[in-house]
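Colleague: So the mapping is simple: the working numbering equals the position in the sequence shown, first residue as 1, plus 117.
Let me begin by handing over the structure; questions about it come next.
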Amino acid sequence: MSNRRVLFVDDDPGILDAHRRNYRKKFEIGIALGPQEALPMLTGEEPYAVIVSDMRMPGMSGVEFLEKARETAPETVRMMLTGNIDQNTATDAINRGSVYRFLTKPCLPETLELSIEDALRQYALITAEKQLLERTLAGSIKVLVDILSLVEPQSFGVAQRLRDYVRIFLKTHRVVDGWALEIAALLSHLGCVTVPASVSEKARKGGALNQAEKDMLSRVPGIGHDLLTNVPRLEGVAEIVRYQRKNYDGTGIPADSLAGEAIPYGSRLLRVLSEVVASEARGISRLEAFMALRKEPDKFDPRIVLAVQEALGEGFGGPLPGSAAPTGGVTRREMRLAQLQVGQKLVSNIMTPDGLIVVSAGSEVTPVLLERIGNFSRIQRLIEPVTVEE
Numbered sequence: 118m119s120n121r122r123v124l125f126v127d128d129d130p131g132i133l134d135a136h137r138r139n140y141r142k143k144f145e146i147g148i149a150l151g152p153q154e155a156l157p158m159l160t161g162e163e164p165y166a167v168i169v170s171d172m173r174m175p176g177m178s179g180v181e182f183l184e185k186a187r188e189t190a191p192e193t194v195r196m197m198l199t200g201n202i203d204q205n206t207a208t209d210a211i212n213r214g215s216v217y218r219f220l221t222k223p224c225l226p227e228t229l230e231l232s233i234e235d236a237l238r239q240y241a242l243i244t245a246e247k248q249l250l251e252r253t254l255a256g257s258i259k260v261l262v263d264i265l266s267l268v269e270p271q272s273f274g275v276a277q278r279l280r281d282y283v284r285i286f287l288k289t290h291r292v293v294d295g296w297a298l299e300i301a302a303l304l305s306h307l308g309c310v311t312v313p314a315s316v317s318e319k320a321r322k323g324g325a326l327n328q329a330e331k332d333m334l335s336r337v338p339g340i341g342h343d344l345l346t347n348v349p350r351l352e353g354v355a356e357i358v359r360y361q362r363k364n365y366d367g368t369g370i371p372a373d374s375l376a377g378e379a380i381p382y383g384s385r386l387l388r389v390l391s392e393v394v395a396s397e398a399r400g401i402s403r404l405e406a407f408m409a410l411r412k413e414p415d416k417f418d419p420r421i422v423l424a425v426q427e428a429l430g431e432g433f434g435g436p437l438p439g440s441a442a443p444t445g446g447v448t449r450r451e452m453r454l455a456q457l458q459v460g461q462k463l464v465s466n467i468m469t470p471d472g473l474i475v476v477s478a479g480s481e482v483t484p485v486l487l488e489r490i491g492n493f494s495r496i497q498r499l500i501e502p503v504t505v506e507e
């Protein structure tokens, strides 16, 4: 059902009562005696489609109120009733409050009703476009994640662990656009699809790399950035991915002038979290990892190191999936590959007898991964059983 919720804001109770009488059968009416009463009403679970505000009110003008309303409920269509609309008022209302329509007092009920109906249609267009963009964005991200899980299963497992750590961090630290951080963590290894698996594996194990191998790995963040810039609304995510290996003092990848606070916050956070994940993969406890991070303030933002240390807890070693006891009501059990279900999390690698990793530990089972497992099992034997969390 379409949203027909309309909020009237005025400092005159008589005018508000008139609005309620005139429109109670037309719209779902809300009334607020002034901006201070209206603002908390915009934070409810059900949004208002339209706000109709008076201009001259004590304590806060209509322009000031609609500016705050725009920040709180950006999709709500804003209208203004005013007895004297001069050029300055109109300019302020458009620039600060993004007012959809002005109406002058006195305003006939029929005229106001028609304007509200227009505003409701505008709201429907705005929300429909947003839903379309969100579905498109979610679908694009899923495709990229599925490709990474198939082409580079071990990198995908590391990326999922990174994403899990970001989620833990966001529970205790408010970050603007936290959703972008989660996506950046999950797609941070996207560029690895261009790197031979043997080189990625050598790098993960800390093996000595020749110059050609170092060069191809140095290009991974840039490749990930270039792929993500093709997806609408992921420009910020792409920048986080591009600078994820940039050192706090400005050295590292990419070789440009950005340093310190100028490096995207999300990149500085991933720089720290990636080192923690890499240390744990080498059997280093989280406490030891943080001690090492604190000794390199040129590489890692010291404030973010402390924040991550606080969020994750330096005393808990946090070994990779497969070597830690389950916590928080999580159930672990062994099962045959044919019993795997979407949504389960692998605690052990799915491997061939000769050591080829088909799906990495830490991966969440998806329909695409089930297809991969099934295809491999049809042509060669896979080691069973495997351990999952659910």
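Heads up, the beta-carbon is just placed ideally off N, CA and C, and yes, glycines get one too.
1. Along the chain, which unbroken stretches of the beta strand (DSSP E) at least 3 residues long are found entirely within the stretch 170 to 205?
2. Measuring straight from C-alpha to C-alpha, what distance separates serine 315 and leucine 473?
3. Please name the residue, chosen from Lys259, Pro470, Tyr165, Leu375, that lies closest to serine 119 on a Cα-to-Cα basis.
4. What are the boundary residues of the alpha helix (DSSP H) that aspartate 343 is part of?
5. How about valine 268 and valine 337: do their beta carbons lie closer than 7 Å?
6. With DSSP as the reference, label glutamate 506 as helix, strand or coil.
7. Are valine 180 and arginine 195 closer than 7 Å when you measure CB to CB?
8. What separation, rounded to the nearest whole angstrom, lies between the Cα atoms of valine 459 and histidine 290?
9. Could you tell me which residues DSSP pairs with proline 221 in its beta bridges?
10. Tell me whether serine 305 sits in a helix, a strand or coil according to DSSP, three-state version.
11. Under the three-state reduction of DSSP, which class applies to arginine 141: helix, strand or coil?
12. Do the stretch 264 to 283 and the stretch 385 to 393 touch if we need at least three Cβ pairs shorter than 8 Å?
13. Using a Cβ-Cβ cutoff of less than 6 Å, which residues in the same chain neighbour isoleucine 500 once the five nearest sequence positions on both sides are dropped?
14. Is the separation between the beta-carbon of glycine 367 and that of alanine 355 shorter than 7 Å?
15. Who pairs with glycine 369 in a beta bridge, going by DSSP?
16. Excluding the 5 residues preceding and the 5 following glutamate 427 in the sequence, name in chain order all residues of the same chain whose CB lies nearer than 6 Å to its CB.
17. Kindly indicate which residue of Ala297, Pro313, Asp343 has the alpha-carbon position closest to the one of alanine 329.
18. Skipping 5 residues on each side, what residues in its chain have a beta carbon closer than 6 Å to that of glutamine 461?
19. I need the boundaries of the beta strand (DSSP E) containing isoleucine 474, first residue and last residue.
20. Taking only three categories from DSSP, how would you classify arginine 321?
21. From this set, Gln361, Pro349, Pro223, which residue's C-alpha is nearest isoleucine 132's C-alpha?
22. Have a look at valine 275 and alanine 478 and give me their C-alpha separation to the nearest angstrom.
23. Taking Cβ to Cβ, would you say glycine 161 is nearer than 7 Å to leucine 124?
24. Less than 7 Å between C-beta atoms, sequence neighbours within five positions excluded: which residues of the same chain meet that for valine 485?
25. State the Cα-Cα distance for the pair alanine 442 and valine 464, rounded to the nearest angstrom.
26. Looking at the strands, I want to know which residues DSSP matches up with isoleucine 496.
27. Under the rule that 16 or more other beta-carbon atoms within 10 Å means buried, what is threonine 228, buried or exposed?
28. Quick check on leucine 351: does DSSP put it in helix, strand or coil?
29. Rounded to the nearest angstrom, what separates isoleucine 258 and leucine 304 at their Cα positions?
30. May I ask you to report which of helix, strand or coil DSSP gives phenylalanine 417?
31. Going along the chain, which residues of its own chain have a beta-carbon closer than 8 Å to the beta-carbon of proline 175, five neighbours each way excluded?
32. What are the boundary residues of the alpha helix (DSSP H) that includes valine 123?
33. Apply the 10 Å Cβ neighbour rule to alanine 379 and answer buried if 16 or more other Cβ atoms are within range, or exposed otherwise.
34. I need the boundaries of the alpha helix (DSSP H) containing arginine 278, first residue and last residue.
Modeller: With the given structure in hand:
1. 194 to 199
2. 11 Å
3. Tyr165
4. 337 to 345
5. Valine 337 sits away from valine 268, with the two beta carbons spaced by 7 Å or more.
6. strand
7. Contact check for valine 180 against arginine 195 fails: the beta carbons are separated by 7 Å or more.
8. 31 Å
9. For the record, residue 221 in the displayed sequence is threonine; it is not proline. Looking at the DSSP assignment, threonine 221 forms a beta bridge with Thr199.
10. coil
11. coil
12. yes
13. Met468
14. Contact check for glycine 367 against alanine 355 fails: the beta carbons are separated by 7 Å or more.
15. Lys363
16. In its own chain, leaving out the 5 sequence neighbours on each side, no residue places its CB closer than 6 Å to the CB of glutamate 427.
17. Pro313
18. Val482, Val505, Glu507
19. 474 to 476
20. helix
21. Pro223
22. 9 Å
23. no
24. Excluding sequence neighbours, valine 485 sits near Asp263, Ser266, Leu267.
25. Here the model assigns alanine 442 a pLDDT of 42, short of 50, so the residue's position is not dependable and the matter cannot be decided.
26. Answer is none; isoleucine 496 lacks a bridge partner.
27. exposed
28. DSSP, reduced to helix, strand and coil, places leucine 351 outside both helices and strands of the structure shown, so it counts as coil.
29. So the two alpha carbons sit approximately 8 Å from each other.
30. coil
31. Asp128, Gly151
32. It is not in any alpha helix (DSSP H) - valine 123 instead sits in the beta strand (DSSP E) that spans 122 to 127.
33. exposed
34. Judged by DSSP secondary structure, arginine 278 falls within the alpha helix (DSSP H) whose first and last residues are 270 to 289.
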